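A.B. asks: Below is the structure I would like to discuss, written out as structure tokens.
In UniProt numbering, the protein residues as written are 1 to 307.
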């Protein structure tokens, strides 16, 4: 039986699209720690932008944790909470940067953080030129998306043209932004390091016979020791994008580790099982710390600067 602590008086809101196992663990951990926790379903949320406070807009909380899988909804909601002075575990700007692979690559490159060589192009011919510049095989990714979906390795110009042309035919704005990355041989695995509040809580290898080593695509999670290199690189990556809470994906190369992606709402159930770390509990405790400090109210100038 789980022992519940006396009420802390902290009201935690968890922004969700639906309740995955991770969100259920977070809700349970918060209740076990005496917090008043409410799942806020993004599809039902109505934000009154004219309201002077979050409570007057119908969101009466002390701190917000974003677990929405619809990052545009998350971004707008986080901006609103920041404007109303509600602390959020990740800022709107951090979520918007990390959800956009092109933006994230630019930020990492500007900070000198090792990451794969990347090109962005806006037409079929320009994307093919990017592939030629990188050399084959090359990797095509959507600028937004999760779980390893719609990622393709192209081994030559004919295959590249076929896949890029197919993307172009989809008609979506995002499908006409071509994010092209060098293909890096790896030892059948990548590394997921989970960062909470400037600390690495746990790390795991994700192993697979497929070149896409994503848990959603069947990769197996096994414990990974947190080396000084992993810690330094993961914390730097979170720092430059402004993420307080994130899963950082790293790849081992002949030149050392490189950052592949930063996930502000990444799944962690497999990592919890692999490492026996109470990641949900750590997230909730970070939310409690943040609620006790609070944040400054977001100014109109800041909204413009971060958009």
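Quick reminder that beta carbons are idealized off the backbone N, C-alpha and C, glycines included. Here the structure is a predicted model, which means the values were calculated and not measured.
So if DSSP puts residue 191 in a beta bridge, which residue, or which two residues, is it bridged to?
C.D. replies: Residue 191 pairs with 205 and 250.
A.B. asks: Helix, strand or coil: which one does DSSP assign to residue 31?
C.D. replies: helix
A.B. asks: Give me the Cα-Cα distance between residue 267 and residue 126, rounded to the nearest whole angstrom.
C.D. replies: Residue 267 and residue 126 have their C-alpha atoms roughly 34 Å apart.
A.B. asks: Does residue 262 come out as helix, strand or coil in the three-state DSSP assignment?
C.D. replies: Reduced to three states, the DSSP call for residue 262 is strand.
A.B. asks: Give, in chain order, every unbroken run of the alpha helix (DSSP H) that is at least 4 residues long and sits entirely within the segment 14 to 65.
C.D. replies: 21 to 32
A.B. asks: Is the segment 58 to 77 touching the segment 186 to 205, taking contact as three or more C-beta pairs under 8 Å?
C.D. replies: no
A.B. asks: By DSSP, does residue 113 sit in helix, in strand, or in coil?
C.D. replies: coil
A.B. asks: State the Cα-Cα distance for the pair residue 273 and residue 210, rounded to the nearest angstrom.
C.D. replies: 22 Å
A.B. asks: Out of 111, 113 and 103, state which residue places its alpha-carbon closest to the alpha-carbon of residue 119.
C.D. replies: Of the listed residues, the one whose Cα sits closest to residue 119 is 103.
A.B. asks: Can you list, in chain order, the stretches of the beta strand (DSSP E) that have 3 or more residues and sit fully within the segment 80 to 135?
C.D. replies: 118 to 121
A.B. asks: Going by DSSP in three states, residue 75 sits in which element: helix, strand or coil?
C.D. replies: For residue 75, the three-state secondary structure derived from DSSP is helix.
A.B. asks: Between which two residues does the beta strand (DSSP E) carrying residue 150 extend?
C.D. replies: Element bounds for residue 150: n/a, residue is neither H nor E.
A.B. asks: Per the contact definition of three or more C-beta pairs closer than 8 Å, is the segment 133 to 142 in contact with the segment 176 to 189?
C.D. replies: Enough Cβ pairs lie closer than 8 Å, so yes.
A.B. asks: If you check the beta carbons only, do residue 242 and residue 91 fall under 8 Å apart?
C.D. replies: yes
A.B. asks: Throw me the rounded Cβ distance for the residue 59 and residue 112 pair, which I believe falls under 8 Å.
C.D. replies: Going by Cβ atoms, the distance from residue 59 to residue 112 rounds to 39 Å, so no, they are not a contact pair.
A.B. asks: Are the Cβ atoms of residue 25 and residue 42 separated by less than 8 Å?
C.D. replies: no
A.B. asks: Cβ of residue 191 within 8 Å of Cβ of residue 250?
C.D. replies: Less than 8 Å divides the Cβ of residue 191 from the Cβ of residue 250.
A.B. asks: Quick one: what's got a C-beta closer than 6 Å to residue 288's C-beta in the same chain, skipping five residues either side?
C.D. replies: Apart from the 5 residues on each side of it in sequence, residue 288 sits with its Cβ closer than 6 Å to the Cβ of 10 in its chain, given in chain order.
A.B. asks: What does the Cβ neighbour count give for residue 162, buried or exposed, with the cut at 16 atoms within 10 Å?
C.D. replies: Per the 10 Å Cβ criterion, exposed.
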